[in-house]
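Which chain is which? The protein sequence lines are A and B, in order. In this text, residue positions in the first sequence follow numbering that gives the first Met the number 0: the first is 0, and each later residue adds one. In this text, residue positions in the second sequence follow numbering that gives the first Met the number 0: the first is 0, and each later residue adds one. Remarks on the structure that follows.
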Amino acid sequence: MEGIAALIEALLLVAEAPLPVERIGEVVPDAAKTNILRALRELAADYERRQGGFFLEEVAGGFQFRTRPQFAPWIRQLRKGRPHALSRAAMETLAVVAYRQPVVKADIDAIRGVDAGGTLKSLLEKKLVRIVGRKDIPGKPMIYGTTRKFLEVFALKDLSELPTLRELEEMQQ
Amino acid sequence: MAYEVKLDIFEGPLDLLLHLIKKNEIDITDIPISLITEQYLAYLEVMKSLNLDLAGEYLVLAATLVHIKSKLLLPGEEEQGEGEEEDPRAELVRQLLDYQVFKEAAARLDDRPLLDRDVFARRIPGEDVPDEEEEMAEVGVFELIDAFRRLVSGRERHYLEINGERMSIAETMSEIMERLLGAGHLSFDELCGTPGEKRAVVRAFLAVLELVKQRMVKVYQVRPFGAIRIFPAVEA
Chain A
0 MEGIAALIEA
10 LLLVAEAPLP
20 VERIGEVVPD
30 AAKTNILRAL
40 RELAADYERR
50 QGGFFLEEVA
60 GGFQFRTRPQ
70 FAPWIRQLRK
80 GRPHALSRAA
90 METLAVVAYR
100 QPVVKADIDA
110 IRGVDAGGTL
120 KSLLEKKLVR
130 IVGRKDIPGK
140 PMIYGTTRKF
150 LEVFALKDLS
160 ELPTLRELEE
170 MQQ
Chain B
0 MAYEVKLDIF
10 EGPLDLLLHL
20 IKKNEIDITD
30 IPISLITEQY
40 LAYLEVMKSL
50 NLDLAGEYLV
60 LAATLVHIKS
70 KLLLPGEEEQ
80 GEGEEEDPRA
90 ELVRQLLDYQ
100 VFKEAAARLD
110 DRPLLDRDVF
120 ARRIPGEDVP
130 DEEEEMAEVG
140 VFELIDAFRR
150 LVSGRERHYL
160 EINGERMSIA
170 ETMSEIMERL
180 LGAGHLSFDE
190 LCGTPGEKRA
200 VVRAFLAVLE
210 LVKQRMVKVY
220 QVRPFGAIRI
230 FPAVEA
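Structure, rendered in structure tokens:
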């Protein structure tokens, strides 16, 4: 393995959140961004070839080691924590926020036909949704949007990776 | 007319309506309002009879359905109108189609490899905050055994075994009952008395098991691994 790839691999191991290329650049100032990116892609390919217990995922604007999904049952045993479970209501509310952001609660309520207050609160607590501002209409309702953690949890590079609403409509036909 | 009603969990009135449309294999853009309204109201009846909390939104949609039905029944309006009168169902259809897309979007999100459900990464230390709960729950034999094990293993480390007086389980049981009736309740640790003798812990443990079996005491625990409290089954 080339020197820089090994170095980046070490950084990835200890990073506690997806590690952005820019952050690696700050830590290793004499490496060009293109070289860092190439090394990351090489590493990802290495782990793909190896087919071991984990892989390198490009997620939420960075790179992170993640375990392969087929080992989830055992890891859940090991961690013994509550699994990251979202109710269907929470999932629907989150989907509306993700696609319609920036969005106010009244619009979410209208789409789902139910009051989204409770699920919004729990999504805010889980830091999957945040308040991005207040709309300049009577009552100054809060405007909601998704967070970086949303991308992390749902394994998305960025929002554009979500299928478009038109694609979803077509999938239903 | 009666039909079978299977009660699923619905996320709201639109979800219920979509379910009915799918069940009847109806074209969403051409809903037979009177059939659907009838079935929708039947569902509400079932929910009411089960004492489920009927959210106001369900009633609003019921009113909308009935309103659309009455509009469709009014004769002659189309003839008078010059241009094309909008189908009274149009607004509802738009709403349903919209909701359906987001339901699909939610399902797609759920299909993704979720962090901490399907895939795992290094954990940020100190993120988990356990919930505090102060509620008494009845405990079983296994919790008692656990508590016993903890007591014994804790003691083994600190104390040497000493030959003490011999006391039967029956004697210990009546001693425990006496103390319980006096004190009202005691924790398992308190029952085991002065620290030092493994034999006494074993005896107290066996006595408590026997007392539970004979329904002379009740045993409660506030939280897993919390203190186990023993109450007399009958008040003194």
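By construction, the Cβ of each residue, glycine as well, lies at the ideal position given by its N, Cα and C atoms. It should be emphasised that the depicted structure is a prediction, and the values quoted were computed from it without experimental measurement.
Would you kindly work out how many angstroms separate the C-alpha atoms of residue i and residue j, rounded to a whole number?
i      : j      : result
D45/A  : F9/B   : 46 Å
A89/A  : V211/B : 44 Å
A71/A  : I136/A : 46 Å
I27/B  : F153/A : 31 Å
L205/B : R222/B : 23 Å
E8/A   : F54/A  : 12 Å
A84/A  : I168/B : 49 Å
E179/A : P17/A  : Given that chain A is displayed from residue 0 to residue 172, the structure contains no residue 179/A and the question cannot be resolved.
N23/B  : E44/B  : 19 Å
F119/B : V218/B : 39 Å
A199/B : C191/B : 7 Å
M170/A : P101/A : 25 Å
E15/A  : T66/A  : 14 Å
K139/A : D106/A : 14 Å
E90/B  : A59/A  : 38 Å
L164/A : V96/A  : 13 Å
M0/B   : L40/B  : Note that M0/B has pLDDT 43, beneath the 50 cutoff, so the model's placement of it is unreliable and the number below is only indicative. Approximately 13 Å, taken between the alpha carbons.
F64/A  : E47/A  : 12 Å
E56/B  : G11/B  : 7 Å
F156/A : L60/B  : Strictly speaking, residue 156/A in this sequence is Lys, with Phe absent from that position. Using only the alpha carbons, I get a separation of about 39 Å.
M166/B : V233/B : 25 Å
Y42/B  : I130/A : 37 Å
E134/B : E41/A  : Unreliable positioning characterises E134/B in this predicted model, as indicated by a pLDDT of 43, which lies under 50. The coordinate reading is nonetheless provided below. One C-alpha to the other measures close to 54 Å.
F224/B : T33/A  : 54 Å
D110/B : Q50/A  : 22 Å
F62/A  : G52/A  : 17 Å
A54/B  : E166/A : 33 Å
E132/B : A146/B : Confidence in E132/B is poor, its pLDDT being 35 and thus under 50, which makes the residue's placement unreliable; the coordinate value appears in the next sentence. Taking the straight line joining both Cα atoms gives about 20 Å.
D108/A : L73/B  : 31 Å
A38/A  : R121/B : 21 Å
I35/A  : Q220/B : 56 Å
A62/B  : E85/B  : 19 Å
G117/A : S86/A  : 12 Å
M141/A : Y98/B  : 22 Å
Thinking C-beta only, is residue j closer than 8 Å to residue i?
i      : j      : result
L64/B  : I25/B  : no
I30/B  : R88/B  : yes
I3/A   : A30/A  : yes
R202/B : T171/B : yes
L6/A   : V20/A  : no
L93/A  : L108/B : yes
V103/A : K134/A : yes
I23/A  : L12/A  : no
L119/A : Y98/A  : no
D117/B : P68/A  : yes
L179/B : V216/B : yes
T36/B  : K68/B  : yes
Just to make sure I have the definition right: I need the residues of chain A whose C-beta is within less than 7 Å of the C-beta of residue i. Which are they?
i      : result
E103/B : L167, M170 and Q171
Residue i versus chain A: which residues are under 8 Å apart at the beta carbon?
i     : result
E56/B : G112, V113 and D114
D29/B : Going along chain A, no residue has its Cβ under 8 Å from D29/B, so there is no contact; the nearest lies around 16 Å.
E10/B : R87, A88, E91, R111 and V113
L60/B : G112
Starting from the beta carbon of residue i, find every residue of chain B whose beta carbon is closer than 8 Å, and list them in chain order.
i      : result
A38/A  : Per Cβ cutoff of 8 Å: no residues; A38/A is ~20 Å from chain B at best.
Y98/A  : F101 and A104
A71/A  : R116, D117, V118 and F119
A84/A  : R116
T57/A  : Looking at the sequence itself, residue 57/A is Glu, so the reference to Thr does not match. Neighbours of E57/A on chain B: none; closest Cβ ~13 Å, over 8 Å.
E151/A : L114
At 7 Å on the CB atoms, spell out the chain B contacts of residue i, in chain order.
i      : result
Q63/A  : A120
I74/A  : F119
T66/A  : V118 and F119
A9/A   : Under the 7 Å cutoff, chain B gives no residues; its nearest Cβ is about 13 Å from A9/A.
E124/A : Going along chain B, no residue has its Cβ under 7 Å from E124/A, so there is no contact; the nearest lies around 11 Å.
Check the Cβ of residue i against every Cβ in chain A and list those closer than 9 Å, keeping chain order.
i      : result
R107/B : A94, L161, P162, L167 and M170
Y98/B  : E91, I110, R111 and G112
L13/B  : I110, R111, G112 and V113
Mind pulling the chain B residues with CB within less than 9 Å of residue i?
i      : result
A244/A : Since the displayed chain A opens at 0 and closes at 172, residue 244/A lies outside it and no answer follows.
Can residue i be considered in contact with the ligand NAD, in the sense that its beta carbon sits closer than 7 Å to one or more heavy atoms?
i     : result
L73/B : Absence of the ligand NAD is noted for the structure shown, with no ligands found whatsoever.
Item to complete: Examine the Cβ distances between the stretch 177-192 of chain B and the stretch 221-228 of chain B and report whether three or more of them are shorter than 8 Å.
Response: Three or more Cβ pairs drawn from the stretch 177-192 of chain B and the stretch 221-228 of chain B lie within less than 8 Å of each other, which places the two stretches in contact.
Discussion item. Any contact between the stretch 115-127 of chain A and the stretch 147-166 of chain A? By contact I mean 3 or more CB pairs, one from each, below 8 Å.
Written reply: Verdict: yes, contact present.
Item to complete: Say whether the stretch 91-101 of chain B touches the stretch 105-112 of chain A, bearing in mind that this needs 3 or more beta-carbon pairs closer than 8 Å, one atom from each stretch.
Response: Here the stretch 91-101 of chain B lies against the stretch 105-112 of chain A, with 3 or more beta-carbon pairs under 8 Å apart.
Practice prompt. Please list the segments of the beta strand (DSSP E) lying wholly inside the stretch 190-228 of chain B, counting only runs of 3 or more residues, in order along the chain.
Written response: Within the stretch 190-228 of chain B, the runs of beta strand (DSSP E) that reach at least 3 residues and sit entirely inside it are, in chain order, 216-220.
Discussion item. For the structure I just gave you, are there three or more beta carbon pairs, one from the stretch 103-123 of chain B and one from the stretch 11-20 of chain B, closer than 8 Å?
Written reply: Not touching, per the Cβ criterion.
Worksheet entry | Start-end ranges of the alpha helix (DSSP H) lying completely within the stretch 7-31 of chain B, minimum 4 residues | Correct list: 12-22.
Worksheet item: Unbroken beta strand (DSSP E) runs of length 3 or more, entirely within the stretch 73-141 of chain A: which are they?
Response: With a minimum length of 3 residues, the continuous beta strand (DSSP E) runs that stay inside the stretch 73-141 of chain A are 128-133.
Discussion item. Please give me, in chain order, every unbroken run of the alpha helix (DSSP H) with length at least 4 that falls completely inside the stretch 53-114 of chain B.
Written reply: As far as the stretch 53-114 of chain B is concerned, its whole alpha helix (DSSP H) runs of at least 4 residues are 55-72, 76-79 and 89-110.
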